Amino acid sequence: GEDVEQSLFLSVREGDSSVINCTYTDSSSTYLYWYKQEPGAGLQLLTYIFSNMDMKQDQRLTVLLNKKDKHLSLRIADTQTGDSAIYFCAERGGSSGTYKYIFGTGTRLKVLA
Amino acid sequence: KAGVTQTPRYLIKTRGQQVTLSCSPISGHRSVSWYQQTPGQGLQFLFEYFSETQRNKGNFPGRFSGRQFSNSRSEMNVSTLELGDSALYLCASSLDANEQFFGPGTRLTVL
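Heads up: the sequence lines are chains S and H, in that order. This note's numbering applies: residue 4 is where the first sequence begins, and numbers increase by one. This note's numbering applies: residue 1275 is where the second sequence begins, and numbers increase by one.
Below is the structure:
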């Protein structure tokens, strides 16, 4: 079945770049997403990329998609302490009316001052 | 524009009881999805409602049910609560299928 995998932890120093990686299995996925979850809060949509794109940049965030390897990454430039959170990768599979979102286990990013 | 709201934010119940959680989507959004988040299983899809009809369903037992009203507000019900139902229940609304916006969640503790 569909599966989305992420590493569990990442620790970086403030001001450095963070790269969070994700692999997925559903080759029919049309959209891939990155969400951020802070303690005690719901998920905040950060950005998403359509499957026919290789890269998307949005301010400090850069998403890279390697569709051949089913690999997605999120790069956060100039990481700040406020970026400390859990980051979830998600894919949308299925067809119109039966879309399903599959989420990864989340990567806990810790930013050291 | 107000975001997705969920009530209550915290709930404590005992085994065997039932519970109803509420979700108000962003104005104009007709799709509401529910997810269960636990440390062990992560985020798992429960069901999706669109225009008062269940459009999509995950792999949860029949104790988990939901409904959607004509104003797009949705409720989720869990009957005969078990300890394993303790989780953060998240609701997400969407205007189209490309973006989902999540509420803050309801944290349910079953004792």
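Note that CB positions come from ideal geometry on N, CA and C, so glycine has one too. Here the structure is a predicted model, which means the values were calculated and not measured.
Item: At the level of alpha carbons, what is the spacing between Arg78 (chain S) and Ile1300 (chain H)?; Value: 29 Å
Item: Closer than 7 Å, CB to CB, is Tyr34 (chain S) near chain H or not?; Value: yes
Item: Would you mind telling me which residues of chain H sit closer than 8 Å to Lys73 (chain S), beta carbon to beta carbon, in chain order?; Value: Under the 8 Å cutoff, chain H gives no residues; its nearest Cβ is about 19 Å from Lys73 (chain S).
Item: How would you list, in chain order, the residues of chain S whose beta-carbon sits under 8 Å from the beta-carbon of Glu1326 (chain H)?; Value: Here the premise fails: no neighbours, minimum Cβ distance about 15 Å.
Item: Return the chain-ordered ranges of every beta strand (DSSP E) run that is complete within the stretch 7-93 of chain S and spans a minimum of 3 residues.; Value: 7-9, 12-16, 21-27, 34-40, 46-53, 58-61, 64-69, 74-79
Item: Buried or exposed: which applies to Glu1322 (chain H), given that a residue is buried once 16 or more other Cβ atoms fall within 10 Å of its Cβ?; Value: buried
Item: Quick check: is the beta carbon of Leu1364 (chain H) nearer than 7 Å to any beta carbon in chain S?; Value: yes
Item: How big is the Cα-Cα spacing for Leu1285 (chain H) and Pro42 (chain S)?; Value: 18 Å
Item: At what residue ranges does the stretch 1303-1375 of chain H contain a whole run of the beta strand (DSSP E), taking only runs of 3 or more?; Value: 1305-1312, 1316-1324, 1327-1331, 1338-1342, 1348-1352, 1361-1368
Item: Tell me Val1278 (chain H)'s beta-bridge partners as DSSP assigns them.; Value: Partner(s): none; Val1278 (chain H) has no beta bridge.
Item: Answer yes or no: do Ser1339 (chain H) and Asn1330 (chain H) have a C-beta to C-beta separation smaller than 7 Å?; Value: no
Item: If you follow the beta strand (DSSP E) that Thr1294 (chain H) is in, where does it begin and where does it stop?; Value: 1293-1298
Item: Between the alpha carbons of Cys109 (chain S) and Ser10 (chain S), how many angstroms are there, rounded?; Value: The displayed chain sequence assigns Gly, not Cys, to residue 109 (chain S). Cα to Cα, Gly109 (chain S) sits roughly 7 Å from Ser10 (chain S).
Item: Should Gly1379 (chain H) be flagged as near chain S, meaning a C-beta pair shorter than 7 Å?; Value: yes
Item: So, Gln40 (chain S) versus Ile89 (chain S), is the Cβ gap smaller than 7 Å?; Value: yes
Item: If you draw a straight line from the C-alpha of Ser76 (chain S) to the C-alpha of Arg95 (chain S), how long is it?; Value: 16 Å
Item: Please classify Thr1380 (chain H): is it buried, with 16 or more other beta-carbons within 10 angstroms of its beta-carbon, or exposed?; Value: buried
Item: Short of 8 Å in beta carbon distance, which residues of its chain neighbour Val1293 (chain H), apart from the five on each side in sequence? Order them along the chain.; Value: Leu1285, Lys1287, Asn1351, Val1352, Leu1355, Leu1382
Item: Would you list the residues sitting across from Leu1285 (chain H) in a DSSP beta bridge?; Value: H:Leu1382
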